[in-house]
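Under the working numbering, think of the first position of the sequence shown as 7, with each following residue one higher.
Have a look at the structure below before the remarks.
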Amino acid sequence: GAWLFAHDGKVLYGWGRLLESLKTARSSSASRLAAAVTSRINGSACCFGRYADDSNLFAALHEGVEPALNAADRQQQALIALAAQLTRSPERVNAAHLQPLKEAGLSSGQIFDVILSVAAASWGNRLMQGLGISSSASA
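If you want it as structure tokens, here you go:
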């Protein structure tokens, strides 16, 4: 699959630069959780494994979004809910979806980082699946 990138070095270079520029935004625990939720919903087990750790929350998320919501604290629930909504129906996300994150103490910048993390994870999941680098993990 990766041989496709070899045919367009500019695309590969651009993708690498984009990921590098998002590295800081995607490194927070909130962003990692959001990316893991996205990967779980999208069925990208290889990507989910990159974000998951050995916590009870990620073990619950491995089972599904609902078990993760039940295992999460208030801030994590808000993160999971936003990531799930952005992954499943991004066109329906509005300010009301962001309010629980603000109420849980996240700044506008942190919320934006979470949104960027979900977007990058969604694209990465689809890319890996399109290249045949995936295993199933349905939500």
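Glycine is no exception: its CB is placed at the ideal position from the N, C-alpha and C atoms.
Within 8 Å, strictly: CB atoms of residue i and residue j
i      : j      : result
ALA127 : PRO106 : no
ALA89  : ALA51  : no
ALA77  : LEU63  : yes
VAL120 : SER37  : yes
Residue i to residue j span [Cα, whole Å]
i      : j      : result
GLY20  : LEU28  : 12 Å
GLY130 : SER123 : 10 Å
ASP14  : ASP59  : 34 Å
ARG23  : LYS16  : 10 Å
GLY70  : ARG80  : 18 Å
LEU18  : ARG32  : 19 Å
LEU67  : LEU92  : 17 Å
SER142 : ARG46  : For SER142, the pLDDT reaches just 48, beneath the cut-off of 50, and the residue's location in the model is therefore unreliable, although a value from the coordinates is still provided. Looking at the two C-alpha atoms, the distance is approximately 9 Å.
SER95  : GLN82  : 19 Å
Contact set for residue i: own chain, Cβ-Cβ below 7 Å, skip 5 residues either direction
i      : result
MET134 : SER50, CYS52, CYS53 and SER140
Boundaries of the alpha helix (DSSP H) in which residue i is found, first to last residue
i     : result
ILE47 : 35–48
GLU97 : Note, GLU97: premise wrong, no alpha helix (DSSP H); not H, not E.
C-beta neighbour in chain C for residue i, strict 8 Å
i      : result
ILE139 : The structure shown contains no chain C, having only a single protein chain.
Contacts around residue i, its chain only, beta-carbon distance under 8 Å, and the 5 residues preceding and following it disregarded
i      : result
PRO5   : The requested residue 5 does not occur in the structure, where the chain is confined to residues 7 to 145.
LEU148 : Beyond the ends of the chain as shown, which are 7 and 145, falls residue 148; an answer cannot be given.
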